[in-house]
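Numbering (my numbering) for the sequence shown: 2 to 515.
Positions of the beta carbon are idealized from the N, C-alpha and C atoms, including for glycine.
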Amino acid sequence: MTAKKKKKGKGLLFAVLILIVLLVLYFVIDLQQKKSDQEAETEETEESSLPVSVTEDEISKVTVKNGDVTMTYVKNDDTWTYEEDPDFPLDESAVNTKMNCLTTLTVDRVLESPEDLSEYGLDKPQQEVTVLKTDGTTFTLYIGNQNSSNNDFYVKVDDGADVYTMPSSSVNAFNMQPYDVAKADSFPTLESTNIRDIKVEKEDGTVEFSSDESGTSWSVKDQDGNEETAGTTAASDLANAVSSLTYKKFIDYKGDDLAQYGLDKPTETVTIVTEETEAETEEEPEAATEEVTEAATETEMVSESESASETETGSEETTTEAVSEEETTEAATETESETETETETEEPKTIEVITTLLIGNTNDDGDYYVKLADNNGVYTMSESILDKLLNVDVLDYVSMYLNDVPMTNMKSLKVTYQGETKTLTVESEEAPVETEASTEEETEADTIKISAGALDDAETETESESEAETETETETEQQMRTVYHYLVDGEEVDSTPFRLFYNNLIGLQAQLLV
């Protein structure tokens, strides 16, 4: 019995040893196989390449199929056109960037003749790129699934049996739609300080915001026509939101079916009025310069002609010529001076610019379809960009300050306390600013007078004229300042308590009872 147990123990131990040896052999063989596969894959990678190629100059036409959309781009003399719609506003630079990816296609790995193309998404590829070369030959790239581990795409060429893995940088360019290469407009630039009126029209009524010429003081008018002073901060935030409006995507350049975007009957219409400075032309100064040049040329011609006959006419004619030349030069100088003066005095013209934005439905991403009233193009704008215009509540903009009139604009204020009424007023006047410049000018004038005693009559007269001009310029350049007087019942009082009282008064705010 004991012998049998010993035999069984030895047999079990022997079986365990054999199992261990087999496991070791398995792991060694598996490791060698993996190493061999890696080396083979490395060799494949170094030698792998597409069986087709094209240079930039060889590209004649490229057709891209992305799902149900087909896009064909034709190249003639470095100019691209969209075959499906020749009037399409094509951005040729964007097309070039995408199509030039065909000239740098790279392959990471080759899968030789795989049996099941559905594993790679190549039984029904979602993207196809067909290239027509200038020599008349063509090839087609079929783009399948993306490898989740390395982000490479599986690609097949024409009817070849092999499958290639290509980096996403070579393939992503063709995951496109027509408007990805369209030349889009930008939303008009609106400076918040130039905005004078914002009108928001919705189904439940119209709300209108208006500002003064400075763009700092605003009023708001509700659906019933009631007008109130708008809070400065709230109105400024609205103006800044309007000046930040930007398009997100270009959708439709024709805009011939606005109903599909909800723009045939917009949910909201925003009209913005801005004051813009019209750029002045420089044609008149240029014309004047040409006249001066012609005058100078004529003077030179006359001078040369008279110089040729100088020996015959004598010194008297030479003097006459000199006078004539001086007169002509003075005339040219006067013309140029007058032109400069006219240019300096001309004030830039201010014009009103009206921008009307129509807001329609939302798309699947929650963005709104929009278009300008005077433009066919349809774009999208994000909800966050339009937020302040979509949710306009008059009560958010009405100023809650009981008095927001600046002290310097206040004509009179009556205050009644315990039955006694006081009238507060502010008056102003312009007074000259005393500077050290006037003292220095008097000293210079005295110096001129002393020096004049040592000069002859002609020089003294010249100095006197110069002095008179200096005095005139000094009077013209005299600086002025505004001086304010604070009065209670017509009597001037100390400005400190007056200003403190008024500042506390304009700081009072009402509270809205809901």
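Ends of the alpha helix (DSSP H) at residue i?
| i | result |
| --- | --- |
| aspartate 388 | 384-391 |
| aspartate 238 | 233-244 |
| methionine 100 | 93-100 |
| serine 171 | 169-172 |
| asparagine 504 | 496-507 |
Looking at the secondary structure, which residues open and close the beta strand (DSSP E) in which residue i lies?
| i | result |
| --- | --- |
| lysine 66 | 60-67 |
| tyrosine 370 | 369-373 |
| glutamine 224 | Where glutamine 224 is concerned, there is no enclosing beta strand (DSSP E), given that its DSSP letter is neither H nor E. |
| alanine 432 | 421-433 |
| aspartate 198 | 196-203 |
| threonine 73 | 70-77 |
| glycine 361 | 350-363 |
| asparagine 410 | Unbroken run through asparagine 410: none, as it is neither H nor E. |
| glycine 263 | Here glycine 263 belongs to no beta strand (DSSP E), and DSSP marks it neither H nor E. |
| glutamate 269 | 269-279 |
| serine 211 | 206-212 |
| asparagine 146 | 139-147 |
| lysine 157 | 154-158 |
| tyrosine 487 | 481-489 |
| tyrosine 248 | First-last for tyrosine 248: undefined, no H or E at that position. |
How many Å lie between residue i and residue j at the Cα?
| i | j | result |
| --- | --- | --- |
| tyrosine 380 | valine 156 | 34 angstroms |
| alanine 236 | lysine 62 | 54 angstroms |
| glutamate 277 | valine 201 | 21 angstroms |
| phenylalanine 28 | threonine 107 | 36 angstroms |
| arginine 500 | glutamate 353 | 39 angstroms |
| glycine 1 | glutamine 127 | No answer is possible for residue 1: the residues shown for the chain start at 2 and end at 515. |
| valine 271 | aspartate 58 | 49 angstroms |
| serine 304 | glutamate 348 | Note that serine 304 scores a pLDDT of 46, beneath 50, so its modelled location is shaky; the value from the coordinates is reported in the next line. So the two alpha carbons sit approximately 40 angstroms from each other. |
| threonine 351 | lysine 203 | 30 angstroms |
| isoleucine 355 | glutamate 228 | 22 angstroms |
| aspartate 163 | threonine 363 | 45 angstroms |
| leucine 264 | lysine 412 | 50 angstroms |
| glycine 226 | valine 395 | 12 angstroms |
| serine 149 | valine 22 | 38 angstroms |
| lysine 389 | aspartate 368 | 15 angstroms |
| aspartate 109 | asparagine 151 | 10 angstroms |
| leucine 246 | glutamate 384 | 11 angstroms |
| leucine 506 | leucine 414 | 11 angstroms |
| alanine 242 | asparagine 410 | 29 angstroms |
| serine 218 | serine 170 | 54 angstroms |
| aspartate 365 | serine 220 | 37 angstroms |
| serine 119 | valine 158 | 16 angstroms |
| glutamate 421 | leucine 359 | 57 angstroms |
| threonine 357 | serine 244 | 13 angstroms |
| leucine 51 | glycine 161 | 11 angstroms |
| aspartate 213 | alanine 374 | 26 angstroms |
| aspartate 117 | threonine 98 | 34 angstroms |
Check whether the Cβ atoms of residue i and residue j lie closer than 8 angstroms to each other.
| i | j | result |
| --- | --- | --- |
| threonine 497 | serine 429 | no |
| alanine 185 | tyrosine 248 | yes |
| leucine 142 | glutamate 269 | no |
| valine 96 | tyrosine 74 | yes |
| valine 274 | valine 393 | no |
| threonine 139 | threonine 131 | yes |
| valine 399 | alanine 231 | yes |
| valine 182 | aspartate 78 | no |
| alanine 432 | methionine 481 | yes |
| glutamate 493 | tyrosine 485 | no |
Taking all protein chains shown into account, decide if residue i is buried (16 or more other Cβ within 10 angstroms of its Cβ) or exposed.
| i | result |
| --- | --- |
| phenylalanine 175 | buried |
| leucine 24 | exposed |
| threonine 166 | buried |
| leucine 425 | buried |
| aspartate 31 | exposed |
| leucine 387 | buried |
| glutamate 292 | Confidence is the limiting factor: at glutamate 292 the pLDDT is only 49, short of 50, which leaves the residue's position unreliable and the question unanswerable from this model. |
| lysine 76 | buried |
| lysine 372 | buried |
| aspartate 153 | buried |
| tyrosine 503 | buried |
| proline 189 | exposed |
| threonine 312 | Because threonine 312 sits at a pLDDT of 41, beneath the cut-off of 50, its placement in the model cannot be relied upon, and the point is left open. |
| leucine 18 | exposed |
| valine 427 | buried |
| proline 267 | buried |
| phenylalanine 15 | exposed |
| valine 172 | buried |
Whole-angstrom Cβ separation of residue i and residue j, contact assumed at under 8 angstroms?
| i | j | result |
| --- | --- | --- |
| aspartate 521 | glutamine 224 | With the chain covering only 2 through 515, there is no way to say anything about residue 521. |
| aspartate 490 | lysine 423 | 6 angstroms |
| glycine 361 | tyrosine 370 | 4 angstroms |
| threonine 104 | valine 53 | Not really, about 12 angstroms apart at Cβ, beyond 8 angstroms. |
| lysine 66 | glutamate 113 | Not a contact, Cβ separation roughly 26 angstroms. |
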